[in-house]
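Going by our numbering, the first residue of the sequence shown is number 96, and it counts up by one from there.
Have a look at the structure below, then the notes.
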Amino acid sequence: MSESSARNASGAAARPRRSLFALYAVLAVCAAPVLAAALVYFLEWRPGSAGTNYGDLVEPQRPVPPAEQLQLTDLDGTPFDLRSLNGKWVMVAAHGGDCGDECAKKLYIMRQTHASTGKNVGRIERVWLILDDEPVPTMVIRAYEGTHMVRARAEQVGRFLALPSGVDATPAALGQHIWLIDPRNNLMLRFPENPDPLRLREDIGKLLHASRIG
């Protein structure tokens, strides 16, 4: 074989390697965002991992009950199915209809957290489960417009919402927390009593940043 033929053969053999390298480089660039999101979720933000999140992971997973097991009605008496909010992150509070200071504080935190998400505001819904038949003050309805205000049976809500181990699901105990339902209709997080608004907001911000759903 001549020297020219040898060079051509050598070049032909090298070209596939260069082509494969380019292919791998393209694949790596395409995969980078997916890998980055996975790292954010599993390393920086994984619910239940020590020191990274404020809310407590609800375990075992609790799907939102069907309407016949969690019977809800709007203030005008229209049936409301909590599962209809599928595809959204849902913040939930539970209190009596008179909505004292603790109730107003929870509704305020949820409203301000929702408003603070900026372009993600459409990914979040707010729900107030009203655990009795007390009339809701007009000023509360106006102040927290945009919140789904629905009457519920306290015993049904108690079976759904996860309280800390050993705590009975009384209306008073249910009123201590804010919960988060994920876009697949699973109860996901329970925030501590007297929640810190900034830390709660950070948790939800991390979820919105890392999630490709909702």
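Virtual Cβ for every residue (Gly too), placed ideally from N, Cα, C.
CB contact flag (residue i, residue j, <7 Å)
| i | j | result |
| --- | --- | --- |
| ARG178 | ASN280 | yes |
| PHE286 | ILE299 | no |
| ARG221 | MET205 | yes |
| VAL262 | LEU167 | no |
| THR161 | PHE255 | Checking the sequence, you will find Pro at residue 161 rather than Thr. Cβ atoms of PRO161 and PHE255: not closer than 7 Å. |
| LEU202 | TYR149 | no |
Residue i to residue j span [Cα, whole Å]
| i | j | result |
| --- | --- | --- |
| VAL135 | ALA189 | Reliability of the predicted coordinates at VAL135 is poor, the pLDDT of 43 falling under 50, and no value is obtained from them. |
| ASP151 | PHE175 | 27 Å |
| ILE276 | LEU284 | 7 Å |
| LEU228 | GLY172 | Contrary to the premise, residue 228 reads as Asp rather than Leu in this sequence. Roughly 11 Å separates the two Cα atoms. |
| PRO292 | VAL153 | 20 Å |
| GLY192 | LEU295 | 24 Å |
| ARG157 | LYS183 | 16 Å |
| PRO278 | ILE308 | 7 Å |
| SER260 | GLN207 | 29 Å |
Same chain only: Cβ atoms within 6 Å of residue i, ignoring 5 sequence neighbours per side
| i | result |
| --- | --- |
| LEU224 | ALA189, ALA247, VAL252 |
| VAL235 | CYS194 |
| LEU180 | GLU220 |
Residue i - DSSP class collapsed to helix/strand/coil
| i | result |
| --- | --- |
| ILE273 | coil |
| ASP196 | helix |
| ASN148 | coil |
| ASN215 | helix |
| HIS304 | helix |
| ILE299 | helix |
Proximal residues to residue i (C-beta, below 7 Å), its chain only, five neighbours per side dropped
| i | result |
| --- | --- |
| ASN215 | LEU303 |
| PRO232 | CYS194 |
| GLY270 | ALA189, HIS190, GLU197, CYS198 |
Own chain partners of residue i with C-beta closer than 8 Å, once the 5 adjacent residues on each side are dropped
| i | result |
| --- | --- |
| PRO321 | With the chain represented from 96 up to 309, any question about residue 321 goes unanswered, as that position is not in the structure. |
Test: residue i CB closer than 7 Å to a CB of chain C
| i | result |
| --- | --- |
| ILE299 | Absence of chain C from the displayed structure is noted, only one protein chain being present. |
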